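Asks: If you use the working numbering, the sequence shown closes out at 1824, no skipped numbers anywhere. Positions of the beta carbon are idealized from the N, C-alpha and C atoms, including for glycine. What you are looking at is a predicted structure, and each value in this text was computed from that prediction instead of being measured.
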Amino acid sequence: MTGMIAAGVCVALIVFNLFSLGVVLWRCRQRREGQASRLARTGLANPTPPVSIVRPVCGLEPHSELTLRSTFELDYPEYEVIFCVQKKNDPIIPLVQKLIAEQPEGRGRLLIGDDPISPNPKLNNCFKGWRACRHDFIVLADSNVLAPKDYLQQMLVRFAPDVGLVCSPPLGVMPKGAAAELECAFLNSFQARWQFCADAFGQGFAQGKSMMWRRDIVEAAGGIAVLASEIAEDAAATKLVRAAGMKVALVDRPFGQPLGHRTLRAIYQRQTRWARLRRASFPRMYAPEIIVGSVVPMLAGAYAARDFGFEPWTAAGMVALAFAVPETLANLALRWPTHWVSPLAIIARDWVFAVVWIDGWLGDDFVWLGNSMTVRDASDEPADRAI
């Protein structure tokens, strides 16, 4: 009897996984309708309104020049770029100054200083940039986002009367080495996939890599300092938008984040940080996350096989392939980075994720950008601290 139950769980989770892949293939498909006609249907008075882009930067990374320069290569009529740095001796400053000097006067600005409105260093860095924005549509974009030429149009087409925020999860690109392939397996066909699935059913969650805001929605809620109500600004953004009776929408296809070389330690620390933040902000959503990987169905399949007199290891291996192969094929269909090691990276990712999920329950502390933090640091009154 227990073997039948285990087999049923295994099959149900395999089918659920295939369903999610089908949803993301549909959700991220190439649109036949042109961008111009989609912009015209957003209901915006100006389908290409002026936009302010705020990019918080901290330290030099291998692809910093590539990603920051991409902000100035957009095919868009009117926008400004505001770079925010917290420390005047940050090594990224000369690069930012060089990029700004290459642009027409007024296109780019560099703001230096810190506004400690929250325990979140990124939000503190963005605060001065938000206040300096000249336009009513504001993008908060991480420094490692590689912006395509139609970056702003891709976000604007997703606006509608009931949409208060448009975001993009990161798509890992340009990986080098096995660890970077593991990071791709986490970012792309796992985390991005499930975010797009939620969005397909009208339950989009904010993702801090690229967020396009309507200024009026944030100001009506009390200003950008309200995002300090959660330790993660994207979790606070999701709750802010939903409290306004609106929803978060994701772009059609995610924007790239160049990875280069990665280390297993850095990947584990980052995934653990994100896990603890998700658990703190959305505990009821975090609890069932363990069932979306292949570990639970592999264990269920192995148990069922043993109960029916078959080899458990063989059953577990077949279940692993039933997850890894379709996911790899979906990556190929979506033209997301795929390598011959991708199936192995997917299987390894699921086991690492199971450990990360457990770790997410065991602690509140993490290190981010050199800052020791805890999920208990969120302020209940962020607006007061911003004054």
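When the distance is taken between beta carbons, is VAL1685 closer than 8 Å to LEU1766?
Replies: What you label residue 1766 is simply residue 329 of the sequence shown in a count that begins at 1. What you label residue 1685 is simply residue 248 of the sequence shown in a count that begins at 1. In this structure, VAL1685 does not lie closer than 8 Å to LEU1766 by Cβ.
Asks: Could you give the residue range of the beta strand (DSSP E) that holds TRP1650?
Replies: For the purposes of this step, residue 1650 is identified with residue 213 of the sequence shown, where counting begins at 1. 1647 to 1651 is the span of the beta strand (DSSP E), which, as asked, contains TRP1650.
Asks: Could you check whether ALA1637 and VAL1460 sit closer than 8 Å to each other, using their CB atoms as the reference points?
Replies: Along the sequence shown, one-based indexing puts residue 1460 at 23. Along the sequence shown, one-based indexing puts residue 1637 at 200. Their beta carbons are under 8 Å apart, which means VAL1460 touches ALA1637 by this criterion.
Asks: Buried or exposed for ARG1702, going by 16 or more other Cβ atoms inside 10 Å?
Replies: Stepping through the sequence shown from its first residue, residue 1702 is reached at position 265. Classification for ARG1702: exposed.
Asks: Would you call the stretch 1778 to 1788 and the stretch 1672 to 1689 touching, i.e. three or more CB-CB distances under 8 Å?
Replies: No: the two stretches stay apart, fewer than three of their Cβ pairs being nearer than 8 Å.
Asks: What span of residues does the beta strand (DSSP E) with ARG1546 cover, start to end?
Replies: Walking along the sequence shown from the start, residue 1546 turns up at place 109. Looking at the DSSP string, the run of the beta strand (DSSP E) that includes ARG1546 is 1545 to 1549.
Asks: State the Cα-Cα distance for the pair GLU1517 and GLY1738, rounded to the nearest angstrom.
Replies: Within the sequence shown, the letter at position 80 stands for residue 1517. Within the sequence shown, the letter at position 301 stands for residue 1738. So the alpha carbons of these two residues sit roughly 55 Å apart.
Asks: For GLN1708 and VAL1793, I'd like the C-alpha separation in whole angstroms.
Replies: Position 271 of the sequence shown, counted from the start, is the residue given in the question as residue 1708. Position 356 of the sequence shown, counted from the start, is the residue given in the question as residue 1793. If you take the alpha carbons of GLN1708 and VAL1793, they lie about 7 Å apart.
Asks: In its own chain, which residues sit with a C-beta less than 6 Å from the C-beta of ARG1813, not counting the 5 before and 5 after it?
Replies: In the sequence shown, counting from the first residue as 1, residue 1813 sits at position 376. For ARG1813, where only same-chain residues beyond five positions count, the Cβ hits under 6 Å are ASP1801.
Asks: Would the beta-carbon of CYS1521 fall within 8 Å of that of ASN1562?
Replies: For the purposes of this step, residue 1521 is taken as the residue at position 84 of the sequence shown. For the purposes of this step, residue 1562 is taken as the residue at position 125 of the sequence shown. Yes, the Cβ-Cβ distance between CYS1521 and ASN1562 is below 8 Å.
Asks: Quick check: what's the CA-CA separation for GLU1656 versus MET1611?
Replies: Within the sequence shown, the letter at position 219 stands for residue 1656. Within the sequence shown, the letter at position 174 stands for residue 1611. Cα to Cα, GLU1656 sits roughly 38 Å from MET1611.
Asks: Going along the chain, which residues of its own chain have a beta-carbon closer than 8 Å to the beta-carbon of LEU1583, five neighbours each way excluded?
Replies: In the sequence shown, the residue the question calls residue 1583 occupies position 146. Once the five neighbours on either side are set aside, the close Cβ partners of LEU1583 are HIS1500, LEU1503, THR1504, SER1507, VAL1610, PHE1692, GLY1693, GLN1694 and PRO1695.
Asks: Determine the direct distance from the alpha carbon of LEU1511 to that of LEU1593, and round the result to whole angstroms.
Replies: In the sequence shown, the residue the question calls residue 1593 occupies position 156. In the sequence shown, the residue the question calls residue 1511 occupies position 74. In a straight line, the C-alpha of LEU1593 is about 14 Å away from that of LEU1511.
Asks: Note down, in chain order, each residue of its chain lying with its Cβ closer than 7 Å to the Cβ of ASP1599, except the 5 sequence neighbours on either side.
Replies: Working through the sequence shown from its first residue, we reach residue 1599 at position 162. These residues qualify, in order along the chain: MET1683 and LYS1684.
Asks: Leaving aside the five residues before and after GLY1440 along the sequence, list all residues of the same chain whose C-beta is less than 6 Å from its C-beta, in chain order.
Replies: The residue you call residue 1440 lines up with position 3 of the sequence shown. For GLY1440, where only same-chain residues beyond five positions count, the Cβ hits under 6 Å are ALA1741, ASP1744 and PHE1745.
Asks: I want to see whether chain D comes within less than 8 Å of GLU1539, judged by CB atoms only; does it?
Replies: In the displayed structure, chain D is absent; only one protein chain is listed.
Asks: LYS1646 and HIS1698: beta carbons closer than 8 Å?
Replies: Translated into the one-based positions of the sequence shown, residue 1646 becomes position 209. Translated into the one-based positions of the sequence shown, residue 1698 becomes position 261. Contact: no.
Asks: With PRO1493 and SER1580 assumed to form a contact (beta carbons below 8 Å), what rounded beta-carbon distance in angstroms separates them?
Replies: The residue labelled residue 1493 in the question sits at position 56 within the sequence shown. The residue labelled residue 1580 in the question sits at position 143 within the sequence shown. 7 Å between Cβ atoms; contact.
Asks: So, helix, strand or coil for MET1833, using DSSP?
Replies: For residue 1833 there is no data in the structure shown, the boundaries of the chain being 1438 and 1824.
Asks: Report buried or exposed for ASN1483, applying the criterion of at least 16 other Cβ atoms within 10 angstroms of its Cβ.
Replies: Residue 1483 sits at position 46 when you count from the first residue of the sequence shown. Under this definition ASN1483 is an exposed residue.
Asks: Which of the three DSSP states is assigned to SER1605 in this structure?
Replies: As a position in the sequence shown, residue 1605 is number 168, starting the count at 1. Note: SER1605 maps to strand in three-state DSSP.
Asks: Assuming ILE1519 and SER1555 form a contact by the criterion Cβ under 8 Å, report the distance between their Cβ atoms to the nearest whole angstrom.
Replies: Within the sequence shown, residue 1519 is the residue found at index 82, counting from 1. Within the sequence shown, residue 1555 is the residue found at index 118, counting from 1. About 19 Å; that fails the 8 Å criterion.
Asks: Does the ligand ZN have a heavy atom nearer than 7 Å to the CB of ASN1562?
Replies: Among the components modelled here there is no ligand, and therefore nothing to report on the ligand ZN.
Asks: Three-state secondary structure (DSSP) at MET1683?
Replies: Position 246 of the sequence shown holds residue 1683. Here MET1683 sits in coil by DSSP.
Asks: Please list the segments of the beta strand (DSSP E) lying wholly inside the stretch 1456 to 1530, counting only runs of 3 or more residues, in order along the chain.
Replies: You should have 1488 to 1493 and 1516 to 1522.
Asks: According to the neighbour-count rule (16 or more other Cβ atoms, all chains shown, within 10 Å of its Cβ), is ASN1625 buried or exposed?
Replies: Within the sequence shown, the letter at position 188 stands for residue 1625. It counts as buried.
Asks: Assign ALA1823 to one of three DSSP states: helix, strand, or coil.
Replies: Indexing the sequence shown from 1 puts residue 1823 at position 386. For ALA1823, the pLDDT reaches just 31, beneath the cut-off of 50, and the residue's location in the model is therefore unreliable, leaving the point undetermined.
Asks: Counting C-beta neighbours from all protein chains within 10 Å, is the total for MET1419 16 or more, i.e. buried, or is it exposed?
Replies: Because the chain in this structure spans residues 1438 to 1824, residue 1419 falls outside the shown range and cannot be described.
Asks: Out of GLU1670, ALA1538, PRO1553 and MET1735, which one is the CA nearest neighbour of ALA1578?
Replies: For this step, residue 1578 is matched to residue 141 along the sequence shown. Ranking GLU1670, ALA1538, PRO1553 and MET1735 by Cα distance to ALA1578 puts GLU1670 first.
Asks: Which one or two residues does DSSP pair with THR1811 in a beta bridge?
Replies: The residue labelled residue 1811 in the question sits at position 374 within the sequence shown. Note: THR1811 sits in a beta bridge opposite ASP1802.
Asks: Please report the distance separating the alpha-carbon of LEU1736 from that of GLY1496.
Replies: As a first step, residue 1736 must be located in the sequence shown, where it is residue number 299. As a first step, residue 1496 must be located in the sequence shown, where it is residue number 59. Roughly 43 Å separates the two Cα atoms.
Asks: If you check the beta carbons only, do TRP1567 and ILE1654 fall under 8 Å apart?
Replies: Along the sequence shown, one-based indexing puts residue 1567 at 130. Along the sequence shown, one-based indexing puts residue 1654 at 217. Against a cut-off of 8 Å, the Cβ pair of ILE1654 and TRP1567 comes out as no contact.
Asks: Assuming contact is defined by CB atoms lying nearer than 8 Å, are VAL1756 and PRO1725 in contact in what I supplied?
Replies: Residue mapping note: residue 1756 aligns to position 319 of the sequence shown, counting from 1. Residue mapping note: residue 1725 aligns to position 288 of the sequence shown, counting from 1. No, Cβ-Cβ distance for VAL1756 and PRO1725 is not below 8 Å.
Asks: Ignore the nearest five residues each way along the sequence and tell me which others in GLN1472's own chain have a CB closer than 7 Å to its CB.
Replies: To locate residue 1472, count along the sequence shown from 1; it is residue 35. Closer than 7 Å at the Cβ level, and outside the excluded window around GLN1472, lie ASP1587, GLN1590 and VAL1594.
Asks: Since LEU1536 and GLY1543 are thought to touch, with beta carbons under 8 Å apart, how far apart are those beta carbons, to the nearest angstrom?
Replies: Reading the sequence shown from its first residue, position 99 is the one you call residue 1536. Reading the sequence shown from its first residue, position 106 is the one you call residue 1543. Not quite, the Cβ-Cβ distance comes to about 14 Å (not below 8 Å), so this is no contact.
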